[in-house]
Amino acid sequence: MRALIDTCIIVDALQSRQPFCAEAQEIFLAAANKRFSGFITAKSATDIYYLTHRYTHNDKDTRTILNTLFGLFDLLDTAGMDCRRAISSDISDFEDAVMVESALRCDIDSIVTRNLKDYTKSSVPVYAPSDFLNMLSLGEY
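Take the sequence shown: its letter number 88 is residue 87 in numbering that gives the first Met the number 0, and every next letter is one higher.
Next comes the structure, spelled out in structure tokens:
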């Protein structure tokens, strides 16, 4: 299974944000154990850098964290056409629409996010972290 992991899940794990970090860290562990192929978008990488740097206040530490993250999750490029298609998407949040378009173009099987309400019109299946982990444990993919 190829899953695109939303920025919020990554930051939940990295910053141990309660009450979300346990499931987010389980997703990291599942990726490390190759139970699925995980991806983040290139834009997420810059957002994660910014949010992590605000947390660590140290560029070198933040880059080390990102480097480790890139060992767990592959980077998914966002193409210009993804942005153009997102403009006419039924998904009202543009950033989320771009993510869906990128996922479609790259044959991603699912998106994992806590922000389910913005993805109700997604043509890519979207899962909450708990549902995604349950699906992995049951082998339903």
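For glycine and all other residues, C-beta sits at the position ideal for the given N, C-alpha and C. In this text, all values refer to a predicted model and were calculated from it rather than measured experimentally.
Under DSSP, no beta-bridge partner is assigned to Y48. In the three-state scheme derived from DSSP, where H, G and I count as helix and E and B as strand, V123 is classed as coil.
DSSP places G138 in the coil class of the three-state scheme, outside both helix and strand. Assignment of alpha helix (DSSP H) within the stretch 59-88, counting only whole runs of 4 or more residues, yields 79-86 in chain order. Contact annotation: the stretch 73-83 does not touch the stretch 47-62, with fewer than three C-beta pairs closer than 8 Å. Straight-line spacing of the CA atoms in F131 and L115 works out to 12 Å.
Partner residues in the beta bridge of I110, as assigned by DSSP, are L3 and V125.
In the DSSP assignment, F19 falls outside any alpha helix (DSSP H) and carries neither an H nor an E.
Bridge partners of T40 according to DSSP: L75.
For the pair of segments examined, the stretch 33-47 was found to touch the stretch 63-80: the number of CB pairs separated by less than 8 Å reaches three.
With distances taken between CA atoms, V111 lies nearest to F35 out of R104, F35, H56 and R62. E22 sits buried, since 16 or more C-beta atoms from the chains shown fall within 10 Å of its C-beta. Secondary structure at N32: coil, using DSSP grouped into helix, strand and coil.
Under the three-state reduction of DSSP output, S101 falls in the helix class.
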